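Taken in sequence, the protein lines are chains A and B. If you're matching positions, the first sequence starts at 1 in full-length UniProt numbering and goes up one per residue. If you're matching positions, the second sequence starts at 1 in full-length UniProt numbering and goes up one per residue.
There are 2 protein chains.
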Amino acid sequence: MKVCKFGGTSVASAEQIKKVASIIQSDASRRIVVVSAPGKRHSDDVKVTDLLIDVAEAIIAKQPVDDKLAAVLQRYEDNAAGLGLDQKICEMIKEDLQQRCKDVATASVEKVFDLLKASGEDNNAKMIAAYFNSIGMAARYVSPKDGLVVNDAPERTMAISQAYDQLSALKNAAEIIVFPGFFGFTTAGQLRTFDRGGSDITGAILAAAVGAELYENFTDVDCVFSANPKVVNSPAEIVEITYREMRELSYAGFSVFHDEALMPVVKQGIPVNIKNTNNPSAPGTHIMPKRDASKRAVTGISADSGFSILYVSKYLMNREIGFGRKLLQILEEEGISYEHTPSGLDDISVIIRSFQLDEAKENRILQRVTEELYADDVNFRHGFSMIVVVGEGMKYKTGLAASAATAIARTGANIEMINQGSSEVSLSFGVLQKYENEILKELYEEFFSAVSV
Amino acid sequence: MKVCKFGGTSVASAEQIKKVASIIQSDASRRIVVVSAPGKRHSDDVKVTDLLIDVAEAIIAKQPVDDKLAAVLQRYEDNAAGLGLDQKICEMIKEDLQQRCKDVATASVEKVFDLLKASGEDNNAKMIAAYFNSIGMAARYVSPKDGLVVNDAPERTMAISQAYDQLSALKNAAEIIVFPGFFGFTTAGQLRTFDRGGSDITGAILAAAVGAELYENFTDVDCVFSANPKVVNSPAEIVEITYREMRELSYAGFSVFHDEALMPVVKQGIPVNIKNTNNPSAPGTHIMPKRDASKRAVTGISADSGFSILYVSKYLMNREIGFGRKLLQILEEEGISYEHTPSGLDDISVIIRSFQLDEAKENRILQRVTEELYADDVNFRHGFSMIVVVGEGMKYKTGLAASAATAIARTGANIEMINQGSSEVSLSFGVLQKYENEILKELYEEFFSAVSV
Numbered sequence: 001m002k003v004c005k006f007g008g009t010s011v012a013s014a015e016q017i018k019k020v021a022s023i024i025q026s027d028a029s030r031r032i033v034v035v036s037a038p039g040k041r042h043s044d045d046v047k048v049t050d051l052l053i054d055v056a057e058a059i060i061a062k063q064p065v066d067d068k069l070a071a072v073l074q075r076y077e078d079n080a081a082g083l084g085l086d087q088k089i090c091e092m093i094k095e096d097l098q099q100r101c102k103d104v105a106t107a108s109v110e111k112v113f114d115l116l117k118a119s120g121e122d123n124n125a126k127m128i129a130a131y132f133n134s135i136g137m138a139a140r141y142v143s144p145k146d147g148l149v150v151n152d153a154p155e156r157t158m159a160i161s162q163a164y165d166q167l168s169a170l171k172n173a174a175e176i177i178v179f180p181g182f183f184g185f186t187t188a189g190q191l192r193t194f195d196r197g198g199s200d201i202t203g204a205i206l207a208a209a210v211g212a213e214l215y216e217n218f219t220d221v222d223c224v225f226s227a228n229p230k231v232v233n234s235p236a237e238i239v240e241i242t243y244r245e246m247r248e249l250s251y252a253g254f255s256v257f258h259d260e261a262l263m264p265v266v267k268q269g270i271p272v273n274i275k276n277t278n279n280p281s282a283p284g285t286h287i288m289p290k291r292d293a294s295k296r297a298v299t300g301i302s303a304d305s306g307f308s309i310l311y312v313s314k315y316l317m318n319r320e321i322g323f324g325r326k327l328l329q330i331l332e333e334e335g336i337s338y339e340h341t342p343s344g345l346d347d348i349s350v351i352i353r354s355f356q357l358d359e360a361k362e363n364r365i366l367q368r369v370t371e372e373l374y375a376d377d378v379n380f381r382h383g384f385s386m387i388v389v390v391g392e393g394m395k396y397k398t399g400l401a402a403s404a405a406t407a408i409a410r411t412g413a414n415i416e417m418i419n420q421g422s423s424e425v426s427l428s429f430g431v432l433q434k435y436e437n438e439i440l441k442e443l444y445e446e447f448f449s450a451v452s453v
Numbered sequence: 001m002k003v004c005k006f007g008g009t010s011v012a013s014a015e016q017i018k019k020v021a022s023i024i025q026s027d028a029s030r031r032i033v034v035v036s037a038p039g040k041r042h043s044d045d046v047k048v049t050d051l052l053i054d055v056a057e058a059i060i061a062k063q064p065v066d067d068k069l070a071a072v073l074q075r076y077e078d079n080a081a082g083l084g085l086d087q088k089i090c091e092m093i094k095e096d097l098q099q100r101c102k103d104v105a106t107a108s109v110e111k112v113f114d115l116l117k118a119s120g121e122d123n124n125a126k127m128i129a130a131y132f133n134s135i136g137m138a139a140r141y142v143s144p145k146d147g148l149v150v151n152d153a154p155e156r157t158m159a160i161s162q163a164y165d166q167l168s169a170l171k172n173a174a175e176i177i178v179f180p181g182f183f184g185f186t187t188a189g190q191l192r193t194f195d196r197g198g199s200d201i202t203g204a205i206l207a208a209a210v211g212a213e214l215y216e217n218f219t220d221v222d223c224v225f226s227a228n229p230k231v232v233n234s235p236a237e238i239v240e241i242t243y244r245e246m247r248e249l250s251y252a253g254f255s256v257f258h259d260e261a262l263m264p265v266v267k268q269g270i271p272v273n274i275k276n277t278n279n280p281s282a283p284g285t286h287i288m289p290k291r292d293a294s295k296r297a298v299t300g301i302s303a304d305s306g307f308s309i310l311y312v313s314k315y316l317m318n319r320e321i322g323f324g325r326k327l328l329q330i331l332e333e334e335g336i337s338y339e340h341t342p343s344g345l346d347d348i349s350v351i352i353r354s355f356q357l358d359e360a361k362e363n364r365i366l367q368r369v370t371e372e373l374y375a376d377d378v379n380f381r382h383g384f385s386m387i388v389v390v391g392e393g394m395k396y397k398t399g400l401a402a403s404a405a406t407a408i409a410r411t412g413a414n415i416e417m418i419n420q421g422s423s424e425v426s427l428s429f430g431v432l433q434k435y436e437n438e439i440l441k442e443l444y445e446e447f448f449s450a451v452s453v
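Printed below as a string of structure tokens:
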């Protein structure tokens, strides 16, 4: 069986929801449908989630909410009309929203937002289930209350193992299951939203719980591109990509998936297919545990700016067992994660996302490294970009690093850092931010232009 | 003033000791002479230190030592005869050795070796001072007892700050000071030898203590070569090299200096000149804090085998603050130091010298990384070499990494790891051991052949 998740634009209007129905009907193995809240119908439109945030903000500010609630309801009413549904479903949604507003009257700010925002997916799932039934598709709305059990960590909501056990029963359902994305409930009955990855994570959890053969993720693009199309002109489409290639490319320009969302399917080796609701016959991009890497060495190139380099040098550093560990511990105590730690015998650089730093933190780190590690020299430099060349086939291709470095040299940019792990799925370069786009173009030219797409 | 250290072959015979005298006479600023024990006079010869080890082993085995002592004495007698010294000095050395044998009769194994071995330098210093005086050079033997105070760590003997204070008085000596290398005394009067760097470290300590303008290190080669002459045919001579270049090159094929030996002069920025006792007019190699790096980007290329790679992968590793630190901590708790830690988003490799590993350690590490860090995959691979391209000028040269990687690609070898720190004094490559020599030759060709030497 397949689990199909539809993003906001795929369920934004009656027209789009009809496409969803037709997609489900066209393949009998599509048994579980995860839906987002209605998204934008056109570029100037407002997402239902944003309309619900307006309602939540009014509640918190103790301002009237009626107009704002009406705006939300209007979207459902438009869709119900377009889908030929009667007013009953809209009445139910109206009552649900009014009840939520009452329920949160004295709740914490966080709960107000969670409960209001989650209604977007929840009510859309109810309407889509109603529509499916109205056209003769036996369907059933299932609430996350019935099994999607999450942990109690407010900042990092994740499904707990109990969820997988309970949701696995859905594989035996006689009807098509319509399940709202984006939220779950703690064992104490508290609603929690997935901060990162939204509805994608719900789909991945369900796919893992029922042991789906495929997790189809319907969005509004035909595929994932091999480079950021905002920088590179008409980049090649990626037909097949492995989980770890997807991860390594997640730096930037590859925002189709939030990588944490994939975790449940990665653990079980379930393949993912990114498809376009508006062009369902296009093959899309397949994300899988393994793939035939013989066709092209490089799968994609991504780039991201906003990196800083912490440089530390000390004579005979590599003789000192524990130096690197102590340095990383100082960063850890400041809550800082890092990307890479290239090193010489007597120096080490730590590549850090700059947003994690501020002057006070930098000064504390500089002082501690000087005083506790007796470093000869320690400093921060800012304004770097990381360029990552990714491909499962890279490890079989001699001379690839040479080609990449030569392409970068053609732009006149100096390479500040090179990092190639022994896995060889990725090769990353640190460069000055100003060269980022030019290097991305040159690397794309190097690895893709000669190959027919 | 200059401190001059002479290695074993430079003081192996009367003929060589005469060269030393002539070198000291030719420059009035050469005021402190540090000497090794007599080394090999020809390739089949035995070093006095090795003869003394024979004596020590006999003492430990409770076997007769007379023949073995006689072999040691014979060397001094030959030298005394060649230098025209009377029997008095040889009598004194004989008594000294006999006294040492008595002193260590009930001592620990370590003390037997230390006391016997140290006599090689000590007695040679006495003889050389006597020779200097015999030809009219006012000279004075100084014992390490008079100031070379070392710490009490048996495994890592180092001079303590008191030593520098006491030895600084030598700068005012009227005579040429002849000082034995290789050993010092603890504050409790215990003799300790320098395990690493031998007499080089004594010279460096004296140079730092008296604030020498130059530390001259006389050996039997004209210079340090830019690559291992056993692999590369007639490599270029290095005229100038910085401390940190020397350090980065210390992997292999650059065994003129043990890098820890340089520490005392590095701290004070005292330049070092490596010269040839047998060709003192050759300029030698100058090791200095800074140098003009504009002439040639690459100073040298070194290579070393015997590396292992610990590979660890885990989905979403880079989101996990503390993962790298915990991994390094596990290694630290096993007493393992590492060279580099190249990484991707979800994997990290730790490059380790293989001699630090054994099956039991590897299994413990694999188990801990799996159980404590919940890694998806963890394994060790062995049989790697590291090739290091070093040069202060590299940071100014665009395309250097490209040239190096291209040269390696020409050998058909796959690059397993690339590490370039932000300092850019060095660029290191991990490759399969079997490609090491071929790559070294190809890189030498790339960076040195086009430049006239």
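Every residue, glycine too, gets a C-beta built ideally from N, C-alpha and C. Predicted model only: the values in this text are computed from it and were never measured.
Which same chain residues end up closer than 8 Å to A/R381 when comparing Cβ atoms and leaving out the 5 residues on each side of it in sequence?
S308, I309 and Y311
Taking only beta-carbon atoms, is B/P289 less than 8 Å away from chain A?
So, not an interface residue.
Compare the C-beta of B/I241 with all C-beta atoms of chain A and state if any pair is closer than 8 Å.
no
Does B/V178 come within less than 8 Å of chain A when only Cβ atoms are used?
no
Under 7 Å from the C-beta of A/L328: neighbouring residues of chain B:
G324, R325 and L328
For A/G391, does the count of other Cβ atoms within 10 angstroms reach 16, so buried, or fall short, so exposed?
A/G391 counts as buried, since no fewer than 16 other beta carbons sit within 10 angstroms of its beta carbon.
Using the three-state DSSP reduction, which class does A/P64 fall into: helix, strand or coil?
DSSP places A/P64 in coil when its eight states are reduced to three.
B/G324 to B/Y338 span [Cα, whole Å]:
13 Å
Cβ distance (whole Å) where B/D376 is taken to contact B/K326 below 8 Å
About 15 Å separates the two Cβ atoms, so there is no contact after all.
Please state if the CB of A/G393 and the CB of A/A297 are separated by a distance shorter than 8 Å.
yes
Using a Cβ cut-off of 8 Å (strictly closer), state whether B/V72 contacts chain A.
no
Buried/exposed call for B/D152, threshold 16 Cβ in 10 Å
Around the beta carbon of B/D152, fewer than 16 other beta carbons lie within 10 angstroms, which makes this residue exposed.
Less than 8 Å between the beta carbons of A/K2 and A/E216, yes or no?
yes
Starting from A/E121, find everything on chain B with Cβ-Cβ shorter than 9 Å and list it in chain order.
Going along chain B, no residue has its Cβ under 9 Å from A/E121, so there is no contact; the nearest lies around 24 Å.
Measuring straight from C-alpha to C-alpha, what distance separates A/S143 and A/L97?
The straight-line gap from Cα to Cα measures roughly 16 Å.
Contact list for A/T202 against chain B, beta-carbon separation under 9 Å
Correct list: empty, because the minimum Cβ distance to chain B is about 18 Å.
Under 8 Å between beta-carbons, which chain B residues line up against A/M137? List them in chain order, please.
Ordered by position in chain B, no residue passes the 8 Å Cβ test against A/M137, which lies about 36 Å from the chain.
Partner residues on chain B for A/E332, Cβ-Cβ distance less than 8 Å:
I321, G322 and R325
Please state the DSSP three-state secondary structure of A/T341.
Three-state DSSP puts A/T341 in a strand.
B/R247 by DSSP, collapsed to three states: which one?
Helix at B/R247.
Rounded to a whole number of angstroms, what is the C-alpha to C-alpha distance between residue 509 of chain B and B/P283?
Beyond the ends of chain B as shown, which are 1 and 453, falls residue 509 of chain B; an answer cannot be given.
Run down chain A in chain order and give the residues with a C-beta less than 9 Å from the C-beta of B/H382.
Chain A residues near B/H382: none, gap ~12 Å exceeds 9 Å.
Inter-residue Cα distance where the pair is A/A291 and A/R247:
Per the sequence shown, residue 291 of chain A should be read as Arg rather than Ala. Distance between the alpha carbons of A/R291 and A/R247: 15 Å.
Can you list, in chain order, the residues of its chain whose CB lies under 6 Å from that of A/Q162, leaving out five sequence neighbours each side?
For A/Q162, same chain residues with a beta-carbon under 6 Å away, outside a window of 5 residues either side, are V149 in chain order.
If you compare alpha carbons, which of B/C101, B/Q166, B/I17 and B/V46 is closest to B/G84?
B/I17
Contact belief for B/I23 with B/P280 at Cβ below 8 Å, rounded distance in angstroms:
5 Å
To the nearest angstrom, report how far apart B/A409 and B/D346 are at their CA atoms.
27 Å
Taking 8 Å as the cut-off, decide whether the C-beta atoms of B/Q268 and B/A208 are in contact.
yes
Give the range of the beta strand (DSSP E) segment to which B/A303 is assigned.
G300 to S313
Tell me, please, which residues DSSP counts as bridged to B/L440.
Looking at the DSSP assignment, B/L440 forms no beta bridge with any residue, so it has no partner.
7 Å CB neighbourhood of B/A212 in its chain, flanking five on each side removed:
M1, K2, V3 and I270
Anticipated Cβ contact below 8 Å, A/L388 with A/I274, distance rounded
The question names Leu, but residue 388 of chain A is Val in the sequence shown. Not confirmed; about 20 Å, so no contact.
Residue burial classification, B/D122 (beta-carbon count within 10 angstroms, cutoff 16):
Residue burial annotation: B/D122 is buried, with at least 16 other C-beta atoms found within 10 angstroms of its C-beta.
Using DSSP with H/G/I as helix, E/B as strand and the rest coil, what is B/C90?
helix
For a contact defined as C-beta to C-beta under 7 Å, what are the partners of B/A405 on chain A?
Near B/A405 (Cβ distances below 7 Å), the residues of chain A are A401, A402 and A405.
Just checking: is the beta-carbon of A/A227 within a distance shorter than 8 Å of some beta-carbon in chain B?
no
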